[in-house]
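The structure appears right after this line, and notes come after that.
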Amino acid sequence: MLRVEHIGIAVKSLETAIPLYEKLLNAPCYKTESVASEKVNTAFFRQGESKVELLESSDAEGVIAKFIERKGEGIHHIAFEVEDIHAEMDRLRNEGFTLLNEQPKQGADNKLVCFIHPKGTNGVLVEICQEIR
Ligand code: ZN
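Heads up: the sequence shown begins at 4 in the working numbering, then just goes up one per residue.
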C-alpha cells in the first residue's frame, strides 16, 4: 500500500466539528461532500501527505449513527491508498481477509473504496482506496 491516505473520524455534527478541527490542525476544511449511498456527510482537511475525513451521519439509521451509538465519537477507520484496488482486493481475499464489499464502490473525494472487516484486523476498520483517474 502506498500511504495512509486519510483517517476517518465519526462525529455527531460537522457544524461543530469542522471549526474545531480547523483549529486543531491549523488547516481549512477544503471540501465537504455528501455520499447518499453511504448516508454520510464528509469534510476533508489536508495534513501533510495525508488527510482527515470527518464523517457525520445523514440518517439516524446510517452506519456512522450506529457506530456513534455503540462506541461514541472517535476514530472510525484508517484508509490506505493503493495503486490498483482490484488487485489489492484479490490479494487480501487470498490472504483470508473478509471484504465488506465484493466490488469497489464509489466513495467520497473521487475514490473507489473497499472496506475490510474489523474482526480480521484486530478491531480496526481498514479502507483501501484508489483515486479515480
Ligand atoms: Zn474513508
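The C-beta atom is built at its ideal place from N, Cα and C for all residues, glycine as well.
Could you pull the DSSP bridge partners for residue i from this structure?
i	result
Asn44	Ser37, Glu59
Glu134	Lys114
Identify whether residue i lies in helix, strand or coil by the three-state DSSP scheme.
i	result
Ala90	helix
Lys26	helix
Ile12	strand
Go through the segment 66-130 residue by residue and report every complete run of the alpha helix (DSSP H) that reaches 4 residues or more, in order.
-> DSSP runs (the alpha helix (DSSP H)) wholly in the segment 66-130: 66-74, 88-97.
Quick one, what's near the ligand ZN if you take every residue whose CB is closer than 6 Å to any heavy atom, in chain order?
-> Going along the chain, the residues that qualify are His9, Gly11, Glu56, His80, Ala82, Glu130.
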